[in-house]
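Chain order of the listed sequences is A and B.
Residues in the first sequence are numbered from 229 upward in steps of one, following our numbering.
Residues in the second sequence are numbered from 857 upward in steps of one, following our numbering.
C-beta: ideal position from N, C-alpha, C; glycine also.
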Amino acid sequence: MSEQTKETKVIEDIGIDAGLEQLTEEQIEKTIMSVINAEGGTRLEAYTKTCVHCGLCSEACHYYHSHDKDPQYAPVGKVRNTMWNFLTKKGKISKEELKRAVLIAHTECNLCRRCVQYCPFGVDTAYIIALVRRIVHKLGITPQYIQDTAHSHAATFNQMWLKDDEWVDTLFWQEDEARDEIPSMRIPLEKEGADFMYSVIAPEPKFRTQLIYQAAVIFNECGLDWTMPSTTGWDNSDMCMFTGDFEMMGRLKRDHYECAQRLKVKKVVMGECGHAYRSIYDQGNRWVGWRDMPVPVIHSIQFFWELLKAGKIKVAKTIDKLATFHDPCNTVRGMGLHEMGREVAKAFYPNFVEMQPNREHNYCCAAGGGVINCGPPHKMTRVLGNRVKAEQLKATGAEVLIAPCHNCHGGLEDIIHHYKLDMEIRFLGDIIYECMEKPNAV
Amino acid sequence: MQPATAWDWSPGRRVVLDDVKKCSREYEWLEEYVASPDGESLAVPANFGEEGASMVVNGEPWENIYERVWYPRYSPDGRLTALAADMGEWTMCVDDTAWENTYGFLLNTRFSATGDVIAAPVQKDGEYGWVVDDAIWETTYEFANQFAMAADGSATAAVVQNVSFGQADIFTYKKGCYSVAVNGESWGTNFINCYSPAFDAAGKSVAATVRTSLYDYTIVVDGKPWAKTWPCAWEPVFNPATGDVCAAVRMAGRWGMALNGELIWNPTFFQVWQQQFSGDGKHLYAIVSPAYGKWTVAVDGQPWAPTFGSQVTDLVVSPDGAHAAALGADAGAYAVAVDGYVWPGTFAMAWAPVFSADSEHCAAKVERRGGKFTILVDGKPYKENFDQVWDPVFSPEGDKVLIRAIDNGKYCRIVVPVRDF
Ligand code: SF4
Ligand code: SF4
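Have a look at this one:
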């Protein structure tokens, strides 16, 4: 029996509970049905009518495996307890059922899209669960911490409540620090017409400034023509996509792309984040009306791979430890960057072992899809819901886990800690910075 | 700097700086060059090593040296400004003279249309607002962003936070904590969020987009919201002739245009934004997406025939309001379109088109594939390509174009009659 099934803990989340208190039965019914009718459309109808409840998708889900094949954690089980319930009861849902639906949609599904690959009819459970989150948003019962992050996006255009001067000051600070190592080092701000704009997610200037430092060193040592903005638009992240506030998602993506357009860059290179990539290449851009990306966006995995192949990143040393590679859902199932990612990893960690399964079949970190952003009340749900990831990691015997995604880092750190795995976790940029030739360094 | 009528408009090339690279040999490192509007000066932030940093203008350093200098910009009247820091305090330097006061941070300098007013968003003692010609708003706020300035510089506005809330306090936030402050004075009414404050032509009225709940957007003019709300709305713009306010609004997944709260363009577009009125207020231009994944410009709600697959940007309306130009791109190939006609040729990049004062001619800076730059006038490229070029400047009569360019290590100003393109 899984740890979670043994526990019958009631999860309290003031964002959900206080919101629910204020709702009437009529509001619940009306909101559910209006979102289903206005936004679900034929896509939702096609999925719900096509699903034959065969359960083949169950094998895809890490929550299902981690809970000893408990069917309520199967993708089809989650749909049954959320959207299917909404549809069959025509929105007449009790508050208890609604709370369960919020918890399923926000904390027991990472929108990782692994199950889409297992369904013989291509039913996209992640789409259905995202539509449940849209209903949750419209009802005002989104979990507190991710709602707060959405508020930060809406007020500041970044997810960490950073003020405009704090962003620029952080870049100056990192530039000054890096000059001790590389005297000619620059973080070129507002360089109109540069080849590319480098964009990051807000946790980098807030908590992981070394990643900006490392990326800047890599770009400088490769002799690249790049820039960063001093205005909003620098943060490419997007929790509004995951709360179902699509209007705010569109505003964020507009700001991000308009920043690149204003700087007249030919492309955007983005840091090691998966969900921001999904927002940029798939959901945010399309909500705005761009069929593709108006300015090409290259994920760091691909960019580092291109620099390595072009001989601009030169390997100064390799590391002998046994390493494995975690494929982030949004860069791999979403964009197929799996071979590039492991080629970069293997260039520095030749002693490499694959986790099983891997590439587009890899299990999610269980932090993605905004689940980690739901904060402390839900931490154990995702940690216990990904025992299978811990088993997958342990079986590799690796000492080093390479994960080119912020959310994955957060989720995997918790898994490594909870399941007492002795692994170091690293970003690609961190590895490249350590191991590349730095001709200008003193 | 002299007025444009007094600039050197004699056709031909004049070398202003014959060894641009000299600077890079003399200083630790250089940042990006900026050229003055009249083309007579070329400035660059330079680092002097241990001593600090300053601006170098036509090869000569400023007398004053700072720990850090950035954001060099020429005002429209030709004064060179830069933001400079010493001991963690920031000030504005104008032609090598620093403002008297220092601030916690200054960023992204702005100018009035004529350049006589110089201002910047400011942080002082952890509070935010505007500083205008070295005078900070009387009231500053714990947070401010989305800074706007009246065209004549007579007023400034920003979105400000009026109510404090603690970490993850989503309930106070949802009651409305943000408003717009004009010259430091808040509207008083708070909203969930405020966006894109904009001044009318006289600098007397301000409109902004607001969220009245997590799900409802509308436009507020001088603190008074429109009666209707929409699931989403973009930036408001004043009609310069009538003072009416228009904004793109979203209904049932499509976008239209509302004027004073009533629809004037039916919501049939996949996107509408960056609208601009003609100077006489009779025509309304906007970037639109008439079909999913297709972009163009609409005039009074009617889209141009040519569309672009990737994006349309940099919409510019001529001074007489009769013409419009914009940039369009398909898969990294940029083109200039004027009045619905696409100029021949595509480019690796293009910059915002510029109209002559008489609205007869249009010019744009473009980057050719391979990294060389040139200037197009009325669709025809200049005969030379350059290593670097700045936006074209028309003579006051509109019959000549000033090209400011660096090539082969020399910075020159080149005056070319329009007929020679
Ligand atoms: S977590 Fe992934 S595999 Fe499981 S239901 Fe959600 S999208 Fe499907
Ligand atoms: S979603 Fe697909 S795989 Fe899952 S139960 Fe339905 S039909 Fe079967």
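Residues that residue i bridges to, as DSSP identifies them
{"i": "A/T546", "result": "Bridge partners of A/T546: none, in fact."}
{"i": "B/P1092", "result": "B/A1103"}
{"i": "B/Q1244", "result": "B/I1262"}
{"i": "B/M966", "result": "The sequence given here places Arg at residue 966 of chain B; Met does not occur at that position. Bridge partners of B/R966: B/A975."}
{"i": "A/F531", "result": "According to DSSP, which records beta bridges pairwise, A/F531 is partnered with nothing at all."}
{"i": "B/G985", "result": "B/V978"}
{"i": "A/T559", "result": "DSSP output for A/T559 lists no bridge partner at all."}
{"i": "B/T1230", "result": "B/V1222"}
{"i": "B/N1049", "result": "B/R1067"}
Backbone CA spacing between residue i and residue j [nearest angstrom]
{"i": "B/A1058", "j": "B/S892", "result": "28 Å"}
{"i": "B/A860", "j": "B/A909", "result": "31 Å"}
{"i": "B/W863", "j": "B/P1081", "result": "47 Å"}
{"i": "B/N1095", "j": "A/G517", "result": "27 Å"}
{"i": "B/D874", "j": "B/Y1267", "result": "6 Å"}
{"i": "A/G243", "j": "A/Q250", "result": "11 Å"}
{"i": "A/E582", "j": "A/C592", "result": "15 Å"}
{"i": "B/F999", "j": "B/S1020", "result": "9 Å"}
{"i": "A/I659", "j": "A/G350", "result": "37 Å"}
{"i": "A/I332", "j": "B/I1075", "result": "37 Å"}
{"i": "A/L417", "j": "A/A406", "result": "15 Å"}
{"i": "B/G1165", "j": "B/N903", "result": "43 Å"}
{"i": "A/R561", "j": "A/E588", "result": "5 Å"}
{"i": "A/R506", "j": "A/T559", "result": "8 Å"}
{"i": "A/E449", "j": "A/P667", "result": "7 Å"}
{"i": "B/V1257", "j": "B/A1104", "result": "36 Å"}
{"i": "A/T546", "j": "A/C663", "result": "7 Å"}
{"i": "A/W312", "j": "A/R341", "result": "18 Å"}
{"i": "B/E1240", "j": "B/A899", "result": "23 Å"}
{"i": "A/A246", "j": "A/A329", "result": "16 Å"}
{"i": "B/R1275", "j": "B/C879", "result": "36 Å"}
{"i": "A/F435", "j": "A/S412", "result": "25 Å"}
{"i": "A/G673", "j": "A/R610", "result": "Residue 673 of chain A is absent from the structure shown; chain A starts at 229 and stops at 670."}
{"i": "A/I357", "j": "A/G598", "result": "12 Å"}
{"i": "B/V1036", "j": "A/H503", "result": "32 Å"}
Where residue i sits in the DSSP three-state scheme
{"i": "B/E1118", "result": "strand"}
{"i": "B/E994", "result": "coil"}
{"i": "A/M583", "result": "coil"}
{"i": "A/Y509", "result": "helix"}
{"i": "A/F553", "result": "strand"}
{"i": "A/V611", "result": "helix"}
{"i": "A/N601", "result": "helix"}
{"i": "A/N590", "result": "coil"}
{"i": "B/S1145", "result": "strand"}
{"i": "A/E418", "result": "coil"}
Whole-number beta carbon distance between residue j and residue i, since they are thought to touch under 8 Å
{"i": "A/C347", "j": "A/C285", "result": "5 Å"}
{"i": "A/A626", "j": "A/A551", "result": "6 Å"}
{"i": "A/D397", "j": "B/F961", "result": "7 Å"}
{"i": "B/G1135", "j": "B/W1121", "result": "Contact flag wrong, Cβ pair sits at about 20 Å."}
{"i": "A/L367", "j": "A/L272", "result": "The pair is not a contact, with the Cβ atoms about 18 Å apart (cut-off 8 Å)."}
{"i": "A/Y275", "j": "A/D352", "result": "7 Å"}
{"i": "B/W946", "j": "B/A940", "result": "7 Å"}
{"i": "A/L491", "j": "A/F385", "result": "Contact doesn't hold; Cβ gap of about 16 Å is too wide."}
Opening and closing residue of the beta strand (DSSP E) in which residue i lies
{"i": "A/Q300", "result": "That residue, A/Q300, is in no beta strand (DSSP E); it is neither H nor E in DSSP."}
{"i": "B/N1001", "result": "A1000 to M1005"}
{"i": "B/P977", "result": "I974 to K980"}
{"i": "A/R570", "result": "Note, A/R570: premise wrong, no beta strand (DSSP E); alpha helix (DSSP H) at H566 to F576."}
{"i": "B/D1276", "result": "Element bounds for B/D1276: n/a, residue is neither H nor E."}
{"i": "B/D942", "result": "L936 to D942"}
{"i": "B/D1186", "result": "A1180 to D1186"}
{"i": "B/D1170", "result": "Q1167 to V1173"}
{"i": "B/Y1190", "result": "A1189 to V1194"}
Check: residue i C-beta below 7 Å from any heavy atom of ligand 4
{"i": "A/H281", "result": "Inclusion of ligand 4 in the displayed structure is not the case, the ligand content consisting of ligand 1 and ligand 2 alone."}
Delimiting residues of the alpha helix (DSSP H) encompassing residue i
{"i": "A/H365", "result": "T353 to L367"}
{"i": "A/I440", "result": "T437 to E449"}
{"i": "A/Y291", "result": "H290 to S294"}
{"i": "A/Y373", "result": "Q372 to T384"}
8 Å Cβ cutoff, residue i in contact with chain D
{"i": "B/Q1132", "result": "Chain labels in this structure do not include chain D; the protein chains are A and B."}
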